[in-house]
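A short write-up of the structure that comes next.
Numbering (our numbering), first residue to last: 1 to 654.
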């Protein structure tokens, strides 16, 4: 880790940047929305990191980020907005949508961690976030990071004065590592004495050794006021703190310049991080990453149900040597011959298994030229597969299945899941029947061994944004405070009651809007209307939902059959073609899908029988309601342009 890459989110004026760069880090991407802070950031870092600014890697609004498009990096750094959790604010928490969406921007961090999977993260916020909403806010943060993303989670309330700076500034530091597992031994660095005090800061005798916490607002209180934070008694004289002193208290070097007015400089310093504390903890992060790298082979091999199912499907193909084709009801399609399977591999392993008739498998390694004939019937049969299927069904969250390791060792290969999260083909087969013969045909895998599989996972990419017209800002808290069991339906109804009207504005990300338009230019409008129907009337089945909007809304200027054809094309495109977060080129990445049934049996669809696939999807896909908090929707939002918006999220499940 003598050289590593980090990204700097909610970057402010670059406190994280200074700390990480001093330890050998290179900033690969930064994001800061405040125009004055952006000016200071660029002024101070353009010389040391010119490519950050010349290559378009200095972003403004984090909501514009498509996580997939970010460069690879090792550590994510973010001091995400603290006002929603601060004692000095309204404490609306995740529901603070009065100044854009500053309350729920933590979930943009989550999406970046989920997509890019860096080795570590370092988050900073006010200590009030720990107890906000009786601890529920912090519980949500920890649960998502640990249980959904698979990171460890370590936190501690740290004062700037703990690491040498003469300022109180208590902040909670949150640090975590990917795949730390049993090696979860990270600890925060020991405290160190003050390197200087407030008398050194002022260059005169100050009545306080450690200064108040720098703030953003409330300047000008008398020194005797309990709210005072910027007045000090120096050499018997009351003095107001200025950028020169505030810069020292935060640990910024003397060479750091502010090309803005003093009022902006004070605001920027009040919003910044204490650099010495960040640097001390960052050093410990880097040391711990070295430890994890050196002992990584000891980490327990855990996967979730979907990942284990991909390995199960790989082995079942080897055992069965065929793939049964399905009708729309997941029964045998008697009008289609099954596929004989001659080869099985995945997109990211070099070994291929060639299936033979006498229970033998020829394993070839493309990289080394190694070949070996393995008699798989000695260790793989229907009974073994059924035990594996039952083991997957009984698993919880991420878990270990040593049975798979034994089988892989006997095969002499390491079966890796078909690809990363941006690949539709989980498995690659050599197939043939009386209609088709393909040597390398990609198939996706959908599993019923766990909860019902998703066709389209919820994310910020699948948010549809509606402008709410004829609604007063005073309605925001009224609507957002509704927290019933059916809160989405009730909030929509309340908006209508208060005179508001939903007008589809756009899809949150450009990539998803582009992909839907590739299917048909009218699809964004059709889907937005279907979403309103779903969340208001709970019509979750695709076929009946579409029929309802045709009968009661129908502003599309076409007949029902045409609408059905367009939606069927959309469902197939999502299954075989595009990801919400990446622009689609119009091609199918895989040409078929394997469905692993609850019994462990599996059947397949292929585009040679596209009608069965379309009908299966159209009759079996339903709208689903993901977490409104996690995916930043279901709240009224007052944007900086004065307009009010409301988001609805599209998640599709089998």
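Backbone N, C-alpha and C fix where the C-beta goes; we use that ideal spot for every residue, glycine too.
Small disclaimer: the values here were computed from a predicted structure and weren't measured.
Here residue 477 carries a helix assignment [DSSP, helix/strand/coil].
In this structure, the alpha-carbon of residue 448 lies about 20 Å from that of residue 428. The beta carbon of residue 475 sits closer than 6 Å to those of 498, all from its chain and outside the five residues before and after it, given in chain order.
Look at residue 559 here: in three-state DSSP terms it is coil, with no helix or strand label. Residue 372 has 363 as its beta-bridge partners, per DSSP. Its chain contains 328 as the residues whose beta carbon lies nearer than 6 Å to that of residue 616, once the 5 sequence neighbours on both sides are disregarded; these appear in chain order. The Cβ neighbour count for residue 470, taken over all protein chains shown within 10 Å, is under 16; the residue is labelled exposed. Residue pairing by DSSP places residue 192 opposite 163 in a beta bridge. The Cβ-Cβ distance between residue 223 and residue 230 does not fall below 7 Å. Distances from the alpha-carbon of residue 601 to those of 161, 491, 319 and 504 put 319 closest. In terms of Cβ geometry, residue 161 and residue 210 form a close pair [threshold 7 Å].
Here residue 472 is exposed, its C-beta having fewer than 16 other C-beta atoms within 10 Å. Residue 146 is positioned such that its CB atom lies closer than 7 Å to that of residue 153.
Bounds of the beta strand (DSSP E) holding residue 156 are 154 to 158. Taking C-beta atoms as the reference points, residue 194 and residue 170 fail to come closer than 7 Å. Taking the Cα of residue 26 as reference, the smallest distance to any Cα among 598, 352 and 17 is reached at 17.
Taken atom to atom, the span from the alpha-carbon of residue 426 to that of residue 576 is near 11 Å.
The C-beta separation of residue 605 from residue 326 comes to about 6 Å, placing the pair in contact by the 8 Å criterion. Taken atom to atom, the span from the alpha-carbon of residue 286 to that of residue 73 is near 13 Å. Around the Cβ of residue 267, a 10 Å sphere holds 16 or more other Cβ atoms; the residue is buried. Note on geometry: alpha-carbon atoms of residue 579 and residue 525 lie some 19 Å from one another. Listed as beta-bridge partners of residue 124 by DSSP are 173. Judged by DSSP secondary structure, residue 442 falls within the beta strand (DSSP E) whose first and last residues are 437 to 447.
Three or more pairs of CB atoms, one per stretch, sit closer than 8 Å, so the stretch 454 to 468 contacts the stretch 634 to 649.
Boundaries cannot be given for residue 206, as no alpha helix (DSSP H) includes it and DSSP labels it neither H nor E. Approximately 17 Å separates the beta-carbon atoms of residue 70 and residue 106; this is outside 8 Å, ruling out the contact.
Exposure of residue 486 is indicated by the presence of fewer than 16 other C-beta atoms within 10 angstroms of its C-beta. In the pairwise beta carbon analysis, the stretch 476 to 485 is classified as not touching the stretch 379 to 391: fewer than three pairs are separated by under 8 Å. Counting C-beta pairs closer than 8 Å gives three or more between the stretch 488 to 498 and the stretch 626 to 637, which meets the contact rule.
Of 554, 284 and 20, the smallest CA-CA separation from residue 49 is found for 20.
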